[in-house]
Amino acid sequence: MNFDGIFTPAITPLAADGSIDTGAFAQVLEYLVEQKVHGIIIGGSTGEYYAHSIQERLDLTRLAAEVLNGRTPLVIGTGAIRTEESVAYAEAAKAAKADAILVGSPPYALPTQQEIANHVLAVDRAADLPIMLYNYPGRMSVDMGPEFFDAVSGSRNIVAIKESSGDIARIHHFGERYPQIALSCGWDDQALEFFAWGARSWVCAGSNFIPAEHIALYEACVLEGDFAKGRKIMSAMMPLMDFLEGGKFVQSIKHGVALNGLVTGGVRAPLSGLDEQEQAALQEIIKTLKAKVAAIKGA
Numbered sequence: 355m356n357f358d359g360i361f362t363p364a365i366t367p368l369a370a371d372g373s374i375d376t377g378a379f380a381q382v383l384e385y386l387v388e389q390k391v392h393g394i395i396i397g398g399s400t401g402e403y404y405a406h407s408i409q410e411r412l413d414l415t416r417l418a419a420e421v422l423n424g425r426t427p428l429v430i431g432t433g434a435i436r437t438e439e440s441v442a443y444a445e446a447a448k449a450a451k452a453d454a455i456l457v458g459s460p461p462y463a464l465p466t467q468q469e470i471a472n473h474v475l476a477v478d479r480a481a482d483l484p485i486m487l488y489n490y491p492g493r494m495s496v497d498m499g500p501e502f503f504d505a506v507s508g509s510r511n512i513v514a515i516k517e518s519s520g521d522i523a524r525i526h527h528f529g530e531r532y533p534q535i536a537l538s539c540g541w542d543d544q545a546l547e548f549f550a551w552g553a554r555s556w557v558c559a560g561s562n563f564i565p566a567e568h569i570a571l572y573e574a575c576v577l578e579g580d581f582a583k584g585r586k587i588m589s590a591m592m593p594l595m596d597f598l599e600g601g602k603f604v605q606s607i608k609h610g611v612a613l614n615g616l617v618t619g620g621v622r623a624p625l626s627g628l629d630e631q632e633q634a635a636l637q638e639i640i641k642t643l644k645a646k647v648a649a650i651k652g653a
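In short: position in the sequence shown from 1, add 354, done, that's this note's numbering.
Quick look at the structure:
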């Protein structure tokens, strides 16, 4: 499994009654395929997995596999508090012939490093698929540290990590300490730094609605090695990064997708959508960002 490139954690559109709109979900996936993102993640935080029932998540796994039909790498998120539930999602990913799974620390439970490792290895055994680890202590309240990496070092399936700690120091020596694990940016406003330190992948929610601009940064830094160009693109993207971190992340992503003419529906409680002022602000940010990146690419 090659995790190079832009991997989009897809949104989950909702119908008027709050149920999952499977037709609109399929259209979102088709849009991402057409835009040539390098992979699609189902069951991530941006997809609101935490607000879905077990059956809904299993159904989305099967539907995504059917829609994509091997055209784009499919990664299935297995996040859950209970290991047994994560194992069920891993088994579903295997049955659907997904390309890989995303495996994080169980939230809220506060497991030790060895307990996180036990969880990850149990999920690994269930799927026997390539694994992208997901380190997000801000949501999970625990960090994947050296003891964890030592405990999972025997797994051949652990091939990448989405690093979302926000701690820039973690990426400085990651490649030296764990050369067998590909580093993927999971903290959007640090994408340039990740690429500078050898990452070749970016899991970015904003690529749901401006994939070309995210791909442009990846191509400038990773494929062209042109970090002067990369800094210009990143500078153009920073107002969006700042907006997304303003407290309504998923809501903003969904509205960005809606601006492209796709059906998204609202968000599930306890979240609520953007107000009119926030919608207008986001629309202006996107308009300016796209114009600036187009000019950079044209130059």
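Ideal Cβ positions, reconstructed from N, Cα and C, are used throughout, including at glycine.
| said: If distances are taken between C-alpha atoms only, which option among 366, 426, 356, 427 comes closest to residue 403? | reply: 366
| Can you tell me the Cα-Cα spacing of residue 518 and residue 489, whole angstroms? | 6 Å
| request: Could you check which residue in 407, 428, 369, 371 has the C-alpha nearest to that of residue 383? | output: 428
| task | Leaving out five residues on either side along the sequence, give the residues of the same chain with a beta carbon under 8 Å from the beta carbon of residue 593. | result | 639, 642, 643
| said: Suppose the cutoff is 7 Å on Cβ atoms and the five residues either side in sequence are ignored; what does the same chain contact list for residue 606 look like? | reply: 597, 598, 628, 636
| request: For residue 388, count neighbouring Cβ atoms within 10 angstroms of its own Cβ and tell me buried if that reaches 16, exposed if not. | output: exposed
| message | Below 8 Å on the Cβ atoms is my contact criterion, and I expect residue 610 with residue 375 to pass it. Report the Cβ-Cβ distance as a whole number of Å. | response | Residue 610 to residue 375, Cβ: 17 Å. No contact.
| Where does residue 412 fall in DSSP's three states? | helix
| said: Once DSSP output is grouped into helix, strand and coil, what is the label at residue 362? | reply: strand
| N-terminal and C-terminal residue of the beta strand (DSSP E) that residue 454 is part of | 454-458
| query | Is it a yes or a no for the region 546-557 touching the region 499-512, going by three-plus beta-carbon pairs under 8 Å? | reply | no
| query | On the premise that residue 572 lies in contact with residue 397, defined as a C-beta separation below 8 Å, what is that separation, rounded to the nearest angstrom? | reply | Incorrect: roughly 23 Å between the Cβ atoms, too far for contact.
| message | Let me check understanding here. Comparing Cα to Cα, which of 452, 440, 448 lies closest to residue 423? | response | 452
| query | Which of the three DSSP states, helix, strand or coil, is assigned to residue 511? | reply | coil
| Within the chosen definition, does the region 519-527 reach the region 539-552 through at least 3 CB pairs nearer than 8 Å? | yes
| task | Using alpha carbons as the reference points, say which of 493, 535, 442 lies closest to residue 459. | result | 493
| Taking the continuous alpha helix (DSSP H) assigned at residue 595, which residues delimit it? | 581-598
| message | List, from N- to C-terminal side, the beta strand (DSSP E) runs of 3 residues or more that fit wholly inside the region 413-492. | response | 428-431, 454-458, 485-489
| query | From which residue to which residue does the beta strand (DSSP E) around residue 396 run? | reply | 393-396
| Roughly how many angstroms separate the alpha carbons of residue 568 and residue 447, rounded to a whole number? | 27 Å
| DSSP on residue 607, reduced to helix/strand/coil? | helix
| task | Could you please give me the residues that DSSP links to residue 516 through a beta bridge? | result | 488, 538
| Looking at the structure shown, is residue 525 part of a helix, part of a strand, or coil, going by DSSP? | helix
| task | Report the rounded CA-to-CA distance for residue 650 versus residue 586, giving the unit in angstroms. | result | 7 Å
| field | Where residue 564 sits in the DSSP three-state scheme | value | coil
| request: Taking the CB atoms as reference points, tell me whether residue 393 and residue 415 lie closer together than 8 Å. | output: no
| What residue does the alpha helix (DSSP H) around residue 382 start on, and which one ends it? | 376-388
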